[in-house]
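Colleague: For the sequence shown, position 421 (counting from the first letter as 1) is numbered 421 according to full-length UniProt numbering, and the numbering increases by one without interruption. Just so you know, even glycine gets a beta-carbon here, dropped at the ideal spot from N, CA and C. If you're wondering where the values come from, they're calculated on a predicted model, not measured in any experiment. I am attaching a structure below and will ask some questions about it afterwards.
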Amino acid sequence: MVNVESYQLFLDFELPNYTGSVKIEYSDCDEKLALDCEGLEIHFVKPSVSWIMENQKLVLHGVESKGTLEIGFSGKVAKDALVGIYTAFYENGSIVTTQFEPIYARRLFPCIDHPAYKAKFKLVVSVNEALKVISNMPCSVEKSGNKLVYTFEETPPMSTYLLYLGIGDFTELESGTKPKLILACVKGRESKTNYPLKTGVSVLEFFECYFGIPYPLPKLHFVAVPGTAAGGMENWGAITFGEVYLLADENSPVEQKINCVYIIAHEVAHQWFGDLVTMKWWDDLWLNESFATLMGFKAMQALKPEWEPFSVFVQEEMKFGLLEDSLSTTHPIQAKVNEAHEIEGIFDAISYSKGASVLRMLEAYLGEDAFRRGVNLYLRTHAYSNAEGKHFWGALSQVTSSDVGSLAEEWISKAGYPVLLIEVQANKMKIRQERFSLATSPSETWKVPLTMEVNSKTKSVLLRKEEEVLEFEDEISSFKLNLNRTGFYRVYYSSLDKLSELNAIEKAALLTITSTLRFLAEFRFLSIWMWQGVTLTKKSFYLF
Ligand SMILES: [Zn+2]
C-alpha cells in the first residue's frame with residue numbers, strides 16, 4: 001500500500017476560480033498511482049509520467065517507488081453545493097468554505113481521499129487583499145503585489161476529510177486563553193459571539209481534563225458559516241458550524257443555548273475522538289458519531305447541570321432510538337460500507353441514537369472512571385493514526401479486565417432490544433426477557449447489563465438467559481431497575497406497589513398507559529402488539 005507522507009498545497013484564488021499545485025511526498029508505491037480527483041482540470045505532472053483521468057481518478061503510470069510528484073491543476077468554487085469547496089451566501093456578500101467529509105477533499109486537489117491515508121498538510125494560499133484565510137493551523141501573511149499570501153504551519157498527520165479552507169471578510173474574536181480559541185463570523189454577527197466563545201473555552205478545558213491529553217493543535221477556530229442549515233463539522237483545528245446553531249447570547253431562549261452548548265461540545269470531542277484518532281474506514285462512522293454525541297451530553301452535564309442534559313438525552317436520543325428500533329424497518333448498528341459514498345444511506349439516525357445509548361449503557365456498566373481510562377488508553381495508543389471499533393472495545397476490556405468486545409458486539413450486530421418483565425415475590429425477583437417489537441420478530445435474548453436498586457442498595461448484574469431469578473437476603477420491600485435509564489431496553493412492571501421513587505431522568509423515559517396507547521395507535525400496531533402472556537389491556541401498567 002502506498003504511503004503518503006505529505007501534501008504541499010499551493011492555491012492561488014481569482015474567485016470563483018483557482019489554480020493550484022500539489023507536491024505529494026510518497027513511498028512504497030507500485031508503478032501505478034491512482035489519486036482521487038473530481039471536477040479538476042489537470043495541467044501537468046512532474047516528473048513527467050503518463051496519466052489519464054478515469055472514473056474520477058487521476059491514474060499515473062510509471063511512477064518511482066518513492067519520491068515527490070508535483071501536479072498542476074485548476075478548479076472552481078461551487079455556487080450551488082454544500083460540499084467540496086463552495087460559496088456560502090449571506091445578506092451582504094459571501095464566503096468560501098469547505099466540507100470534505102466523507103469524499104469531497106478530491107474536489108479541491110488530487111489526493112488519496114481515504115481516512116486511513118493520513119498525511120501532513122502544508123498550505124500556501126494566495127487571495128485578493130481584502131480577504132482573510134482560515135485553515136487547520138496558524139499562519140503568517142505576506143503581501144505580494146495586490147495579493148495576500150497566507151502560509152500555514154504544517155499539520156500533524158491527519159485524514160484528508162478533516163482539512164479545512166475558509167476565505168472571506170471574517171471578523172475574528174479571540175478568547176485570550178490557551179489553547180487559543182478564535183471565533184470567525186461574517187460582519188454584523190458580533191453580538192452573539194461571546195456566549196459560544198466562552199462556552200468553547202469551558203468545553204476545551206473539560207475535554208483536556210476528561211481525555212487526559214492536551215488539545216493537540218496550537219489553535220482552534222469556530223467558523224460560523226452563514227446561510228446553511230448544516231450542523232457542525234469537526235475539521236481539525238477549524239470547526240465549521242451553521243451560524244444558526246453556534247451564535248447565541250445569554251438572553252437567547254434556553255433551547256437555543258442547549259443547541260449551542262451541545263453542538264460545540266460534540267464537535268470539540270471529535271478533535272480527539274475522530275481527528276487525533278480516526279476510524280480506519282467508514283464502517284466505524286457510527287462509533288465516531290455516537291461517541292461524540294454521548295460526550296456532547298457529558299460536557300453539558302458538567303457545564304450546565306441545571307439543564308438536566310441526561311433527561312434531554314433520554315427524551316431525544318434514547319426514546320427515539322427505542323421507538324425506531326422496535327419497528328419492522330429497523331436494522332443493526334453495524335453495517336458494511338463498501339464505498340464511501342454509501343455512508344449517508346447506511347448510517348441513519350437510528351445508528352447514532354442507539355449507538356450513543358449503547359455506549360452510555362456500557363459506561364454505566366463498566367463505571368464512569370473505568371470507561372474514561374479505556375478512552376484514554378485508546379486515544380494514547382492510536383494518536384495521529386487510525387483504529388477500528390475492536391481497538392476501542394479492546395482498550396475498554398484491558399482497563400476493566402472484562403470482555404467488553406463480545407458484549408458490545410451483541411448490541412451492535414443485532415437489530416432490536418429486549419423488554420424485561422419483572423415479577424417480585426418475597427426475596428426473589430424473576431426477570432424474563434424478550435424482544436420488544438411492534439412487528440412480528442423471532443424471539444431473541446441479549447446479554448443485558450442491568451442496574452438496579454433493591455431495598456435502597458444499588459447493584460448491577462449481567463443477564464444472559466431468557467429467564468433468571470435473582471435472590472436477595474431480605475424480602476424485597478422497594479426496588480427499581482435500569483437506574484438513570486442508562487440501559488437500552490424497556491422494563492415492564494406488572495405491579496407498581498414496591499417501585500422506588502423515580503428521579504427526573506427516569507421519569508423522562510416513562511411511558512404511561514395513556515402515552516403507550518397513543519404511541520401504539522399512532523403506529524397502528526395496536527392490534528398485533530402482544531407479548532407472550534401479557535396482552536395489552538386498559539389495566540393500569542407502566543412501561544419504562
Ligand atoms: Zn459528529
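Between ILE422 and LEU483, how many whole angstroms is the CB-CB distance? I'm expecting something under 8 Å.
Modeller: With 8 Å as the limit, ILE422 and LEU483 do not qualify as a contact, their Cβ atoms being about 14 Å apart.
Colleague: Per the contact definition of three or more C-beta pairs closer than 8 Å, is the stretch 300-308 in contact with the stretch 116-132?
Modeller: Cβ pair count under 8 Å is below three, so no.
Colleague: If you drop the 5 nearest sequence neighbours on each side, which residues of the same chain put their C-beta closer than 7 Å to that of PRO332?
Modeller: The residues are ILE412, SER413, LYS414, ALA415.
Colleague: Evaluate contact between the stretch 451-461 and the stretch 384-404, counting only Cβ atoms and requiring at least three cross-stretch pairs below 8 Å.
Modeller: They do not touch, by the three-pair rule.
Colleague: Compute the Euclidean distance between the alpha carbons of TRP286 and SER357, then round it to the nearest angstrom.
Modeller: Straight-line Cα distance between these residues: approximately 12 Å.
Colleague: Which value, in whole angstroms, describes the spacing of the CA atoms of ILE239 and GLU468?
Modeller: Cα to Cα, ILE239 sits roughly 49 Å from GLU468.
Colleague: Beta-carbon within less than 6 Å of ILE167's beta-carbon, same chain only, minus the 5 sequence neighbours each way: which residues are those?
Modeller: Only VAL96, VAL127, LEU131, VAL133 meet the Cβ criterion.
Colleague: Which two residues bound the contiguous alpha helix (DSSP H) that contains ILE258?
Modeller: Taken as a continuous stretch (DSSP letters only), the alpha helix (DSSP H) holding ILE258 covers 254-270.
Colleague: What number of angstroms, rounded off, separates the C-alpha of GLN8 from the C-alpha of ILE24?
Modeller: One C-alpha to the other measures close to 7 Å.
Colleague: Near ligand 1, which residues have their beta-carbon less than 5 Å from any of its heavy atoms, given in chain order?
Modeller: Taken from the N-terminal end onward, the list reads GLU289, ALA292.
Colleague: Quick one: residues in its chain with C-beta nearer than 8 Å to the C-beta of ALA269, no 5 flanking neighbours on either side, listed in chain order?
Modeller: PHE207, PHE291, ALA292, MET295, GLY296, ALA299, listed in sequence order.
Colleague: Under DSSP, the alpha helix (DSSP H) around ALA364 begins and ends at which residues?
Modeller: 349-366 is the span of the alpha helix (DSSP H), which, as asked, contains ALA364.
Colleague: Please state the DSSP three-state secondary structure of LEU82.
Modeller: Here LEU82 sits in coil by DSSP.
Colleague: Enumerate in chain order the residues of its own chain whose CB-to-CB distance from GLY242 is below 7 Å, with the five nearest sequence positions on each side excluded.
Modeller: Around GLY242: VAL225, THR228, ALA229, ALA230, GLY231.
Colleague: Would you call the stretch 42-59 and the stretch 188-206 in contact, with 3 or more CB pairs under 8 Å?
Modeller: No, they do not touch.
Colleague: Please report the residue range of the beta strand (DSSP E) in which LYS23 lies.
Modeller: Taken as a continuous stretch (DSSP letters only), the beta strand (DSSP E) holding LYS23 covers 17-27.
Colleague: Under 8 Å Cβ to Cβ from GLN532, same chain only, skipping five residues before and after it: list those, please.
Modeller: Only weak support exists for where GLN532 lies, its pLDDT of 32 falling under 50; the coordinates are left without a value.
Colleague: Can you tell me the Cα-Cα spacing of ALA81 and ASP284, whole angstroms?
Modeller: Distance between the alpha carbons of ALA81 and ASP284: 26 Å.
Colleague: How far does the beta strand (DSSP E) with ASN386 in it extend, from its first residue to its last?
Modeller: That run of the beta strand (DSSP E) goes 385-387.
Colleague: Sorry if obvious, but does the Cβ on PRO157 come closer than 7 Å to a heavy atom of ligand 2?
Modeller: The model depicted lacks ligand 2 and carries ligand 1 instead.
Colleague: Between which two residues does the beta strand (DSSP E) harbouring PHE13 extend?
Modeller: Residues 3-14.
Colleague: Could you spell out the range, first to last residue, of the beta strand (DSSP E) harbouring GLU54?
Modeller: Segment 50-54, the beta strand (DSSP E) holding GLU54.
Colleague: Evaluate MET1 with the Cβ neighbour count: other Cβ atoms within 10 Å of its Cβ, from every protein chain shown; 16 or more gives buried, anything less gives exposed.
Modeller: Looking at its Cβ environment, which holds fewer than 16 other Cβ atoms inside 10 Å, MET1 is exposed.
Colleague: What are the boundary residues of the alpha helix (DSSP H) that includes THR293?
Modeller: 285-303 is the extent of the alpha helix (DSSP H) around THR293.
Colleague: Express the C-alpha separation of ASN235 and GLU522 in angstroms, rounding to a whole number.
Modeller: At GLU522 the pLDDT is 48, less than 50, meaning the model places this residue with poor confidence; the figure from the coordinates comes in the next sentence. Cα to Cα, GLU522 sits roughly 40 Å from ASN235.
Colleague: Please return the same chain residues whose Cβ sits closer than 7 Å to the Cβ of LYS336, not counting the five positions on each side in sequence.
Modeller: So the list reads ASP283, once near-sequence residues are dropped.
Colleague: If we ignore side chains and look at the alpha-carbon of each, how far apart do LEU246 and LEU220 end up?
Modeller: Distance between the alpha carbons of LEU246 and LEU220 is about 15 Å.
Colleague: Using 8 Å as the threshold, is the C-beta distance between GLU317 and SER353 below it?
Modeller: The answer is yes: Cβ separation under 8 Å.
Colleague: Spatial neighbours of LEU359 within its chain, please: C-beta separation below 7 Å, excluding the five flanking residues on both sides.
Modeller: Only SER290, PHE291, LEU294 meet the Cβ criterion.
Colleague: For VAL141, count neighbouring C-beta atoms within 10 Å of its own C-beta (all shown protein chains included) and say buried if the count is 16 or more, exposed if not.
Modeller: Label assigned to VAL141: exposed.
Colleague: Applying the criterion that 16 or more other CB atoms from any shown protein chain within 10 Å of the CB defines a buried residue, is THR330 buried or exposed?
Modeller: Per the 10 Å Cβ criterion, buried.
Colleague: If you follow the beta strand (DSSP E) that ILE42 is in, where does it begin and where does it stop?
Modeller: 41-46 is the span of the beta strand (DSSP E), which, as asked, contains ILE42.
Colleague: Taking DSSP's pairing of strands, which residues face ILE95 in a bridge?
Modeller: DSSP, once it has assigned bridges, lists ALA88 as partnering ILE95.
Colleague: Less than 8 Å between the beta carbons of VAL4 and TYR26, yes or no?
Modeller: It is a contact, given that the beta carbons lie within the stated cut-off.
Colleague: Just mark PRO449 as buried or exposed, buried being the case when its beta carbon has 16 or more other beta carbons within 10 Å.
Modeller: Flag for PRO449 reads buried.
Colleague: Measuring only the C-alpha atoms, how far is ILE263 from PHE222?
Modeller: Each residue's alpha carbon lies about 11 Å from the other.
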